[in-house]
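If you're matching positions, the sequence shown starts at 5 in my numbering and goes up one per residue.
C-beta: ideal position from N, C-alpha, C; glycine also.
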Amino acid sequence: MVSTFSPLLQSRHISHPIPGPRSRQLQEQRNGEVSSAFGAALPVFIDRAEGGILQDVDGNRIIDFASGIAVTSVGATNAFVQAKVAAQLDRFTHTCFMVTEYEGFTEVCRWLNAHTPGTFDKRTALFSTGAEAVENAIKIARSATGRPNVLVFDEGYHGRSLLTMAMTAKENPYKLGFGPFPEQIFRAPNAAPLRWPGGPENAASEALAAVEAILAENGPESFAAMVIEPIQGEGGFLVPAEGFLAGLRKIADAHGIVFVIDEIQAGMGRTGTLFASEHDGVEADLIVTAKALGGGLPLSAVTGRTRLMNAVRPGGLGGTYAGNPLACAAALGVFEAFEDGSLLANAATIETVVRAHLEPLLDSVAVVAEVRGRGAMLAIEFADPITLEPRADIAKAVAAACHAAGVLVLVCGTYGNVIRLLPPLVIGIELLEDGLRVLTAAIEQQAAEASRALQDAAAA
Ligand code: PLZ
């Protein structure tokens with residue numbers, strides 16, 4: 005498809021204070037029509053997006069370090085995705101795969117079966133949202149094992165549906181007031197090195213021991229599944245201590261528990277490999293993908309061992325929109341975009357550039373506690389240098405300063421004290437560096453202001 009637009013300039017540009025007058029006007033209209041339960045990280049209305057730029061309705065060009073929460077990894081206007089979707093749009097938009105079938109659905113399943121870790125025989129089921137796919141992974145694991153319990157982890161995020169809310173760790177804003185929740189969900193410590201009480205070097209072994217204890221107390225033979233993100237997203241971009249995922253894999257094997265890896269945020273090339281669990285050398289029994297899989301259209305999947313995937317009785321899985329033809333077409337475009345390996349290489353380059361800008365802050369800015377992540381999934385955590393008390397105030401102020409300067413960053417973490425970077429993998433290096441300079445300056449300034457405020461308070 006040939007775009008009717010001229011290419012969007014890949015440079016930051018502030019024509020109006022952010023949010024500009026048109027965005028403020030649209031925000032007012034939105035407030036009069038849309039449920040106030042929906043928040044917005046940056047209340048600007050977008051006109052176009054391309055490469056590493058979001059252009060708003062006031063003509064501001066904002067650097068995109070969010071990718072719509074790790075969705076537009078191949079870019080928000082990727083030519084492969086556009087071509088596939090346009091061609092499908094011309095043929096039909098929907099039949100419901102449970103009514104009459106279409107080839108795109110099978111093609112997406114074939115790609116996932118072939119490219120997800122593990123050379124064993126696999127099948128895939130497609131859905132629309134991440135939460136829906138996680139729920140279905142649990143349905144599959146329960147059907148296959150005949151067991152009720154599910155083990156999840158501290159800081160974990162799996163969605164906003166009733167079951168996935170129960171699996172999600174953080175209460176506010178995700179769960180508050182929405183209970184009662186489904187039972188049979190058990191939570192184990194996550195081997196996050198920075199705050200592990202016994203020290204980072206013991207995080208993996210001690211967390212694994214805690215998992216064994218929880219299983220022993222509740223009867224390991226009652227657990228259908230354990231579900232973990234290979235790098236926790238909403239929870240704070242927490243990279244598990246080395247050996248933790250491999251240790252969990254062993255525990256799951258020992259007890260016949262289905263090992264489910266939620267790659268919804270970390271997967272599909274984000275970390276420099278197609279799947280984040282490849283870094284840990286572990287193979288899931290069921291791997292859950294979404295977000296970047298559909299290149300901006302709603303598509304999610306559960307891929308795994310045929311024995312498990314076919315354990316559900318015929319008719320037991322489905323959904324009106326599950327694997328919608330347009331979303332499948334978009335995914336086939338995403339696969340094409342990944343074919344030559346350049347996007348994975350970009351993720352590695354992004355990591356090098358981001359680390360070069362942010363790691364020096366570990367020495368120069370006391371409240372910078374950690375720079376972590378993999379590939380184009382990187383974060384910086386703010387905490388008191390001595391007590392490690394989370395400094396959400398700094399993360400919030402830094403994000404606000406970045407937003408005002410035209411750089412969209414998102415905050416995450418249980419304590420809201422982490423700034424995460426999720427640029428599209430197609431972002432230009434100059435643009436990336438411009439955004440990082442804004443971020444670095446904001447961190448230096450906010451940290452200096454915070455310490456001045458502390459000194460003033462002490463002097464008073
Ligand atoms: N599992 C690991 O990251 C979605 C949530 C944003 P859905 N993360 C963004 C918000 O506040 O709602 C996510 C995830 C992981 C599952 C999900 C859920 O995916 O497509 O949002 O349902």
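CB of residue i within 9 Å of CB of residue j, strictly
i: V369; j: R359; result: no
i: M272; j: T128; result: no
i: T120; j: A250; result: no
i: V372; j: I354; result: no
i: C113; j: A305; result: yes
i: G63; j: L435; result: no
i: P25; j: V48; result: no
i: L219; j: V262; result: no
i: G108; j: G327; result: yes
i: L392; j: L198; result: yes
i: G240; j: A196; result: yes
i: A335; j: G134; result: no
i: G260; j: E216; result: no
Reference residue i, options the options, closest by Cα
i: S15; options: A45, A53 and G43; result: A53
i: G337; options: W115, L167 and V411; result: W115
i: I255; options: A229, P244 and F241; result: A229
i: A70; options: R456, A403 and A463; result: A403
i: H407; options: C416, G150 and I18; result: I18
i: F124; options: R309, H162 and A457; result: R309
i: G163; options: I57, G420, E448 and E267; result: E267
i: A351; options: F339, V264 and V78; result: V78
i: R424; options: A192, S10 and A270; result: A270
i: M102; options: R395, A464, T324 and G439; result: T324
i: A192; options: I447, Y178, G439 and A213; result: A213
C-alpha distance - residue i paired with residue j, whole-angstrom precision
i: S147; j: T172; result: 22 Å
i: E105; j: V138; result: 24 Å
i: E437; j: P427; result: 12 Å
i: I67; j: F227; result: 44 Å
i: E159; j: P186; result: 19 Å
i: L278; j: L348; result: 7 Å
i: P329; j: Q92; result: 7 Å
i: A118; j: E453; result: 52 Å
i: A211; j: R95; result: 52 Å
i: G36; j: S27; result: 14 Å
i: E363; j: V85; result: 35 Å
i: K126; j: R311; result: 8 Å
i: G377; j: N194; result: 16 Å
i: A463; j: T168; result: 49 Å
For residue j and residue i, believed in contact at Cβ under 8 Å, the rounded distance
i: N222; j: F190; result: 6 Å
i: T275; j: M381; result: 5 Å
i: I232; j: A280; result: So it is not a contact: roughly 11 Å between Cβ atoms.
i: G420; j: A399; result: 6 Å
Inside the stretch 120–189 only - alpha helix (DSSP H) runs reaching at least 4 residues = Within the stretch 120–189, the complete alpha helix (DSSP H) runs of at least 4 residues are 134–149 and 166–171.
Would you list, in sequence order, the uninterrupted alpha helix (DSSP H) runs of no fewer than 4 residues that lie entirely inside the stretch 208–271?
-> Runs of the alpha helix (DSSP H) inside the stretch 208–271: 248–259.
Please go through the stretch 279–316 and give each complete beta strand (DSSP E) segment of 3 or more residues, from N-terminal end onward.
-> The DSSP assignment places 290–293 and 304–309 as complete runs of the beta strand (DSSP E) inside the stretch 279–316, in order along the chain (cut-off: 3 residues).
4 or more residues per run - each alpha helix (DSSP H) lying fully within the stretch 36–110 = 71–74 and 83–95, all fully within the stretch 36–110.
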